[in-house]
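For this note's numbering, count along the sequence shown from 1 and bump the result up by 327. Structure, as structure tokens:
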Amino acid sequence: MDAVLLPDGRTALLVADVVGHGVGAVVAIAQVRAILRQRLSTGVGLLDALRDADRYAEEFPETCATTVCLVALDQASGEAEYVCAGHLPPLWLSAAGRTQVLPGLGSRPLGTGGDFRSGRVSMGPRDALVLYTDGLNGSPGRDLLEARQLLVQVAAQAFARSLDSPAPPAQRAEDLCSQILGEVSPPDGALDDAVLLVALRAPQPDVLRITLPADLAAVSEVRTSLNDWLDGLGAGLLDHIGLTHAVTELVANAVQHAYPPGSDGAMVHVVGALDEDGAVAVTVSDRGQWLERASDGQGLMMAAGLADSMTVRRESRGTSVDLRFLLSRPVHMLQSVAMNGMPRTNDPVADLHAEASPGLLTAVGPVDEVSVELFHASMEEATRSGTADAVIDLSGVTHLSSPGVQSLFEFLGRAKRSGSSLSLVAPPESPAGQILDLVGLESRV
């Protein structure tokens, strides 16, 4: 399955099912997905994209008889176009209480000599579309019609319950998937080749607006507010990491460089919005005049490396930095439980905890402008001021800002000069691992 942003602003939804199992089936579905995604991203319509995939399936037997359901949804108007190639049509769930399996279009699977037709549906503001594979209808002891009726009934009931949920739309969609999968699964929980994709129409998210005094406490407050806002958008873990690092780097820069010490009314402003193409635009601004210091530019370079684009505007009334991030969210395979937004505990580590002994430093929490002195002192102890071999475990670091990176580079330089070894430990997908990769520092798991 997949979701693709189309050049005309619509969102394409894709669910496909190949013949067979195992590695061969995985390769075949990847080929079909790649063809459809490439054609759709160039602006080709649903029917033409499906016909291109059909011609491919005629030449390559491993993809022959693949079934496909494609939907192009206009979130603004609610108009949805759909095409099927031998696949079950979408299920439409209306907030007004109507539930309908959309009309089948009589189209054959890919590569089997058929042609295709399209259908349309007009969705209301809070309606949902459900795309699925026939693995959801494969429960033992039920025929196809009975299984289909159960799916429709379960989906309608779960959707009706979700309308009263205070959860953000992304979480509602995940909860809806989990409930449907849980209730249509057989007692042993075994569903073969079961894929479920739920698309909800939702109102435009609120704009994030933060104005705080320009002191270091603002960094932590912005990080917390930004993460909460991103949870509401349904942003993935890597988007959380990249966005929060980049934005808090800019906030820290404004705090440290925009105003002279003791300035009255010194404030930093953060505005964030989700635009129509699924990108988050964030502006960090101040009303001061930046002071020249030796460390200027490090935070800006890190923010630029994390964002898809960055623009700096220096004016007489202050400085503004515009960041743009295109959000993405991976498909979680073999999973039937909700992700519950960014995996954070209810009581996240707010302060840095550093345990240092000769040869080892274990850090947990944020390494930022507030905590970097503690981190640096702990590095001194673990490395004996850069003269002894040491392992620096950053696996539990939730935020690694440019001062922390600068400290690491300093001790790596000391280690090189003294002939000692400094090893950094951080999983690649962790916050610290992402930053280490960005700045070109090797780490091990």
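All residues carry an ideal CB built from backbone N, CA and C; glycine is no exception.
Nearest neighbour of Y459 by Cα position, chosen from H572, A579, D542, V428, turns out to be V428. The criterion of a C-beta distance shorter than 9 Å is not satisfied by A521 and L418.
Beta-bridge partners assigned by DSSP to Q427: W419. By the 16-neighbour rule on beta-carbons within 10 angstroms, E501 is buried. Beta-bridge annotation (DSSP): G440 is not paired with any residue. The beta carbon of N580 sits closer than 7 Å to those of G626, L627, all from its chain and outside the five residues before and after it, given in chain order. Between A541 and A608, the gap from beta carbon to beta carbon reaches 9 Å or more. Residue range 564-584 is occupied by the alpha helix (DSSP H) that includes V578.
Look at the region 685-713 and you find these whole runs of beta strand (DSSP E), each 3 residues long or longer: 687-694. In its chain, beyond the 5 residues on either side, L633 have a beta carbon closer than 6 Å to the beta carbon of H572.
The way I'd put it, the region 682-689 does touch the region 717-732; three or more beta-carbon pairs between them come closer than 8 Å.
Taking all protein chains in view, the Cβ of T646 is crowded by 16 or more other Cβ atoms within 10 Å, so the residue is classified as buried. In the three-state DSSP reduction, A753 falls in the coil class, being neither helix nor strand. In this structure, the CA atom of V371 is about 9 Å from the CA atom of P334. With a beta-carbon spacing of about 7 Å, P430 and P416 fall inside the 8 Å limit used to define contacts. Under the three-state reduction of DSSP output, R771 falls in the strand class.
Here the C-alpha atom of A384 lies approximately 6 Å from the C-alpha atom of L437.
Put simply, of G405, D602, V578, G589 the residue whose alpha carbon is nearest the alpha carbon of H596 is V578. Around the beta-carbon of S705, 16 or more other beta-carbon atoms lie within 10 Å, marking it buried. Only exposed fits P493, as fewer than 16 other CB atoms lie within 10 angstroms of its CB. Within a 10 Å sphere around the beta-carbon of D381 sit 16 or more other beta-carbons, which makes this residue buried.
Distance from R536 to V598 at the Cβ level is roughly 6 Å; contact confirmed, criterion being Cβ atoms closer than 8 Å.
Per DSSP, reduced to three states, the secondary structure at L477 is helical. Between the beta-carbon of G462 and that of R435 there is about 20 Å, and that puts the pair past the 8 Å contact cut.
Taking the CA atoms as reference points, T394 sits about 5 Å from D344. In the structure shown, the three-state DSSP call for R447 is strand. DSSP lists V607 as the beta-bridge partner residues of F652. With distances taken between CA atoms, V342 lies nearest to V410 out of Q365, V410, G441. In the structure shown, L432 adopts coil according to DSSP, grouped into three states. Of the other Cβ atoms in all chains shown, 16 or more fall within 10 Å of the Cβ of L503; this residue is therefore buried.
Rounded to whole angstroms, L508 and W556 show a C-alpha spacing of 28 Å.
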